[in-house]
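**Q** Sequential numbering from 190 applies to the sequence shown in my numbering. Quick one: structure below, then a few questions.
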Amino acid sequence: MRRCIALAFCSALLLAAACSEEKKAASDGDTGTGDTVSPEGDLAGTTDDTILEPEDDLTTDADEPPTDTADEPPEPADEAPDEIEDASDTDTAVPDEESGEETSSITWNGITAWVTATGGDHRTYQLSTDNTLRDNYPPDKKVTIVEEPGQIRLRSGHLLFDALFALALQESRENSVGAITDGAFNGGQPIACDCFITGEKWPYVWTRDTAYAAYLGLALVDPVRTMNSLRFKLSPKKAALGGNAPQIVQDTGSGGSWPVSTDRVVWALGAYETLKYLDDADRSSFMSEAFEAIKNTIEADRLVAYDPRDGLYRGETSFLDWREQSYPSWTKNDTVHIGMSKSLSTNLLHLQALTIAAELAARRGDTAAHTRYAAWRDGLKNAIVAAFSPALGTGLLSAMKLTELNTAPLPRHDLLSIALLAHDLGGTFAFDTIAQQVSQWPH
190 MRRCIALAFC
200 SALLLAAACS
210 EEKKAASDGD
220 TGTGDTVSPE
230 GDLAGTTDDT
240 ILEPEDDLTT
250 DADEPPTDTA
260 DEPPEPADEA
270 PDEIEDASDT
280 DTAVPDEESG
290 EETSSITWNG
300 ITAWVTATGG
310 DHRTYQLSTD
320 NTLRDNYPPD
330 KKVTIVEEPG
340 QIRLRSGHLL
350 FDALFALALQ
360 ESRENSVGAI
370 TDGAFNGGQP
380 IACDCFITGE
390 KWPYVWTRDT
400 AYAAYLGLAL
410 VDPVRTMNSL
420 RFKLSPKKAA
430 LGGNAPQIVQ
440 DTGSGGSWPV
450 STDRVVWALG
460 AYETLKYLDD
470 ADRSSFMSEA
480 FEAIKNTIEA
490 DRLVAYDPRD
500 GLYRGETSFL
510 DWREQSYPSW
520 TKNDTVHIGM
530 SKSLSTNLLH
540 LQALTIAAEL
550 AARRGDTAAH
560 TRYAAWRDGL
570 KNAIVAAFSP
580 ALGTGLLSAM
590 KLTELNTAPL
600 PRHDLLSIAL
610 LAHDLGGTFA
620 FDTIAQQVSQ
630 WPH
């Protein structure tokens with residue numbers, strides 16, 4: 190798969206992170222940040238070779254994964270069935286006394302996935318399926334996952350979920366490199382970087398993939414490599430514009446790059462999560478670097494992408510950045526209107542970047558910057574509620590406002606936006622509104 194890092198971490202860490210957030214909310218009480226600066230204890234680390242039992246707290250946040258398909262057309266999605274069958278799941282693993290194996294399976298809509306596990310403290314899993322795989326890879330539809338000494342292990346009581354967790358960690362190792370080599374970068378010559386590449390077929394570092402993966406749990410697994418990968422996505426201004434002033438690099442999108450796409454601000458989420466797991470020296474230097482990059486980026490976006498008429502930021506939807514996926518068919522050959530559009534997912538990312546910028550400014554004792562970005566955050570929060578509140582027939586939030594020719598919110602919906610709201614640092618919508626969005630999602 191192209192986006193190995195983000196997809197694997199979504200599959201394996203989403204539930205664990207959600208449980209973690211529920212536990213933190215129960216123990217911390219009020220989780221809204223407002224103008225309050227979180228204590229330094231929020232940037233705490235973890236240890237290797239940890240066994241995560243069901244009651245353990247995996248201190249990571251989670252949202253829906255990116256699927257950056259800007260540079261290749263996506264495969265057509267299968268049409269949704271008229272009637273969705275319930276999933277059947279053998280929740281309890283079945284042991285084989287002779288071989289010592291445990292097996293489990295899950296079936297949904299006639300498609301089944303199986304897992305077999307062997308071993309004691311460190312298991313070996315074999316995942317298999319009867320589903321059609323992209324590129325028919327692997328041909329035997331089987332993947333073997335080996336837990337290694339020193340890695341985090343999950344024992345949730347659900348064998349298949351434990352295997353997916355181990356798969357995420359194995360793929361993080363497979364995507365760990367000492368140099369980046371890509372034909373479109375640096376004349377095809379390698380450049381040293383102890384980074385995470387995106388996947389086997391995409392040996393490069395992408396802003397949104399790295400940031401979402403760091404936010405979902407990659408920062409917990411290898412914080413230094415995650416920090417290096419995020420640093421790889423910073424770039425100073427051109428010399429002709431004065432140089433210095435590093436900003437976050439925008440991945441390509443339907444209309445090219447920034448400012449048709451402005452979701453580069455998701456980098457702030459990944460950086461903030463990574464800060465929690467770094468040692469004191471790395472945390473200090475990266476916090477300063479991250480604040481500078483986030484500040485320069487949001488100042489540039491304020492000049493170019495912000496629309497003071499409605500208080501929103503322009504920019505296509507985050508991660509569904511292939512026009513046929515998200516926009517009317519006529520935009521395939523006319524992306525100007527995508528550049529005019531204002532999407533809920535991307536505005537939520539701008540909101541969280543402003544929230545993080547305000548907090549980091551306060552940590553640095555920069556009162557003026559804290560006040561400035563907190564005010565921008567509050568204004569954007571109000572604008573999001575005014576523009577995207579569920580006033581459509583389904584009761585779901587609109588995914589976007591498409592064009593200057595018609596500024597009404599479209600009756601299209603976006604699961605990423607709902608996931609981001611569930612982990613909203615700014616508390617944009619009331620809990621009941623978010624719960625309603627989740628409960629009304631078709632699947």
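Just so you know, even glycine gets a beta-carbon here, dropped at the ideal spot from N, CA and C.
Applying the 10 Å Cβ sphere with the 16-neighbour rule, what's the burial state of Pro328?
**A** Position 139 of the sequence shown, counting from 1, holds the residue named residue 328. Exposed, by the Cβ-count rule.
**Q** Using CA atoms only, rank isn't needed, just tell me which of Gly568, Val449, Leu569, Ala546 is closest to Ala558.
**A** Position 369 of the sequence shown, counted from the start, is the residue given in the question as residue 558. Of the listed residues, the one whose Cα sits closest to Ala558 is Ala546.
**Q** Per DSSP, Cys384 is paired with what?
**A** Along the sequence shown, read from residue 1 onward, the residue named residue 384 stands at position 195. DSSP lists Val366 as partners of Cys384.
**Q** For Gly442, list the residues DSSP reports as bridge partners.
**A** The sequence position of residue 442 within the sequence shown is 253, counting from 1. Paired residues: Gly445.
**Q** Tell me whether Val454 is buried or exposed, calling it buried when 16 or more other Cβ atoms sit within 10 Å of its Cβ.
**A** Looking up residue 454 in the sequence shown gives position 265. Val454 comes out buried.
**Q** Look up Arg342 in the DSSP assignment and say whether it is helix, strand or coil.
**A** In the sequence shown, the residue the question calls residue 342 occupies position 153. Residue state, collapsed to three classes: strand.
**Q** Looking at the secondary structure, which residues open and close the alpha helix (DSSP H) in which Leu430 lies?
**A** Taking the first residue of the sequence shown as 1, we reach residue 430 at position 241. Run containing Leu430: none; DSSP gives neither H nor E here.
**Q** List the whole-angstrom C-beta distance separating Gly500 from Asn571, where the pair is believed to meet the contact cut-off of C-beta under 8 Å.
**A** Position 311 of the sequence shown, counting from 1, holds the residue named residue 500. Position 382 of the sequence shown, counting from 1, holds the residue named residue 571. Yes, they are in contact, since the Cβ atoms of Gly500 and Asn571 sit about 7 Å apart, within 8 Å.
**Q** Looking at the secondary structure, which residues open and close the alpha helix (DSSP H) in which Thr396 lies?
**A** On the sequence shown, residue 396 is found 207 positions in, with the first residue counted as 1. Note, Thr396: alpha helix (DSSP H), 396-402.
**Q** Taking a contact to mean a Cβ-Cβ separation below 8 Å, would you say Lys422 touches Thr399 in this structure?
**A** Counting from 1 along the sequence shown, the entry for residue 422 is found at position 233. Counting from 1 along the sequence shown, the entry for residue 399 is found at position 210. Yes, Cβ-Cβ distance for Lys422 and Thr399 is below 8 Å.
**Q** Could you give the first and the last residue of the continuous beta strand (DSSP E) run that contains Ser317?
**A** The residue you call residue 317 lines up with position 128 of the sequence shown. From DSSP, the beta strand (DSSP E) with Ser317 extends over 313-318.
**Q** With distance defined between alpha-carbon atoms, name the residue in Glu336, Asp324, Leu586, Gly442 nearest to Gln315.
**A** Numbered from its first residue, the sequence shown carries residue 315 at position 126. If we check each option's Cα against that of Gln315, Glu336 comes out closest.
**Q** So with Cβ pairs under 8 Å, would you call Phe385 a contact of chain C?
**A** The structure shown has no chain C; it contains just one protein chain.
**Q** Just to confirm my understanding: we take Trp303, look at its own chain, exclude 5 residues before and 5 after, and list those with CB closer than 6 Å. What are they?
**A** Within the sequence shown, residue 303 is the residue found at index 114, counting from 1. For Trp303, where only same-chain residues beyond five positions count, the Cβ hits under 6 Å are Ser294, Ser317.
**Q** If you drop the 5 nearest sequence neighbours on each side, which residues of the same chain put their C-beta closer than 7 Å to that of Thr520?
**A** Stepping through the sequence shown from its first residue, residue 520 is reached at position 331. Counting only Cβ-Cβ distances below 7 Å, and skipping sequence neighbours, we find Arg512, His526, Ile527.
**Q** Could you give the first and the last residue of the continuous beta strand (DSSP E) run that contains Ala306?
**A** If you number the sequence shown from 1, residue 306 lands on position 117. That run of the beta strand (DSSP E) goes 300-307.
**Q** Quick one: what's got a C-beta closer than 6 Å to Thr292's C-beta in the same chain, skipping five residues either side?
**A** For the purposes of this step, residue 292 is taken as residue 103 along the sequence shown, with counting starting at 1. Taken in chain order, the residues that qualify are Val283, Thr305.
**Q** With distances taken Cα to Cα, identify the nearest neighbour of Leu533 among Pro579, Ser518, Thr560, Trp565.
**A** Along the sequence shown, read from residue 1 onward, the residue named residue 533 stands at position 344. If we check each option's Cα against that of Leu533, Pro579 comes out closest.
**Q** Just the C-alpha distance for Lys590 and Val574, rounded to the nearest angstrom, thanks.
**A** In the sequence shown, counting from the first residue as 1, residue 590 sits at position 401. In the sequence shown, counting from the first residue as 1, residue 574 sits at position 385. Lys590 and Val574: Cα-Cα distance of roughly 13 Å.
**Q** Return the CA-CA distance between Trp565 and Gln541, expressed in angstroms with no decimal places.
**A** In the sequence shown, residue 565 corresponds to position 376, counting from 1. In the sequence shown, residue 541 corresponds to position 352, counting from 1. Approximately 11 Å between the Cα atoms of the pair.
**Q** Helix, strand or coil: how does DSSP classify Trp391 here?
**A** Numbered from 1 along the sequence shown, position 202 holds the residue referred to as residue 391. Residue state, collapsed to three classes: strand.
**Q** Tell me whether the stretch 476-489 and the stretch 359-366 touch, counting them as touching only if at least three CB pairs, one residue from each stretch, are closer than 8 Å.
**A** No: the two stretches stay apart, fewer than three of their Cβ pairs being nearer than 8 Å.
**Q** Asn504 bridges to which residues according to DSSP?
**A** Sequence index remark: in the sequence shown, residue 504 carries index 315 (1-based). The question names Asn, yet the displayed sequence has Gly at residue 504. Partner(s): Lys531.
**Q** Nearest-angstrom Cα distance between Val394 and Gly377?
**A** If you number the sequence shown from 1, residue 394 lands on position 205. If you number the sequence shown from 1, residue 377 lands on position 188. Each residue's alpha carbon lies about 14 Å from the other.
**Q** On the three-state DSSP scale, how would you describe Glu291?
**A** Position 102 of the sequence shown, counted from the first residue, corresponds to residue 291. Three-state DSSP puts Glu291 in a strand.
**Q** Using C-beta distances below 7 Å, list every residue in its chain close to Ala434, excluding the 5 sequence neighbours before and after it, in chain order.
**A** In the sequence shown, counting from the first residue as 1, residue 434 sits at position 245. So the qualifying residues of the chain are Pro425, Lys426, Asn485.
**Q** Under a Cβ-count criterion, where at least 16 other Cβ atoms within 10 Å of its own Cβ denotes burial, should Phe385 be classed as buried or exposed?
**A** For the purposes of this step, residue 385 is taken as the residue at position 196 of the sequence shown. Burial call: buried.
**Q** Is Leu716 buried or exposed, if buried means 16 or more other CB atoms sit within 10 Å of its CB?
**A** Residue 716 falls outside the range modelled here, since the chain spans only 190 to 632, and no answer is possible.
**Q** How is the alpha helix (DSSP H) around Val413 delimited, first residue to last?
**A** Taking the sequence shown and counting its residues from 1, the one referred to as residue 413 is at position 224. It spans 412-420 - the alpha helix (DSSP H) in which Val413 sits, taken as one unbroken run.
**Q** How about Lys576 and Tyr562: are their beta carbons less than 8 Å apart?
**A** What you label residue 576 is simply residue 387 of the sequence shown in a count that begins at 1. What you label residue 562 is simply residue 373 of the sequence shown in a count that begins at 1. Reading the sequence as shown, one finds Ala at residue 576 and not Lys. Against a cut-off of 8 Å, the Cβ pair of Tyr562 and Ala576 comes out as no contact.
**Q** For Leu492, does the count of other Cβ atoms within 10 angstroms reach 16, so buried, or fall short, so exposed?
**A** Counted from its first residue, the sequence shown places residue 492 at position 303. Exposed is the call here.
**Q** Taking the beta carbon of Asp440 as the centre, do at least 16 other beta carbons fall within 10 Å, making it buried, or is it exposed?
**A** In the sequence shown, residue 440 corresponds to position 251, counting from 1. Its Cβ being crowded by 16 or more others within 10 Å, Asp440 is buried.
**Q** Rounded to whole angstroms, what's the CA-CA distance from Lys592 to Pro412? Just pull it up for me.
**A** Here the question's residue 592 lines up with position 403 in the sequence shown. Here the question's residue 412 lines up with position 223 in the sequence shown. A small correction: the amino acid at residue 592 is Thr; Lys does not occupy that position in the sequence shown. Near 40 Å, if we compare the C-alpha coordinates of Pro412 and Thr592.
**Q** My assumption, with CB atoms under 8 Å, is that Tyr502 sits in contact with Thr535. Please give the rounded CB distance.
**A** Residue 502 sits at position 313 when you count from the first residue of the sequence shown. Residue 535 sits at position 346 when you count from the first residue of the sequence shown. Contact flag correct, Cβ pair sits at about 7 Å.
**Q** Thinking just about the alpha-carbon of each residue, which of Leu405, Ala429, Gly445, Asp496 is nearest to the one in Lys465?
**A** Residue numbering aside, residue 465 sits at position 276 when the sequence shown is read from its first letter. Cα-wise, what sits closest to Lys465 is Leu405.
**Q** To which residues of the same chain is Trp630 closer than 7 Å at the C-beta, ignoring the five residues directly before and after it?
**A** Reading the sequence shown from its first residue, position 441 is the one you call residue 630. Only Leu604, Ile607 meet the Cβ criterion.
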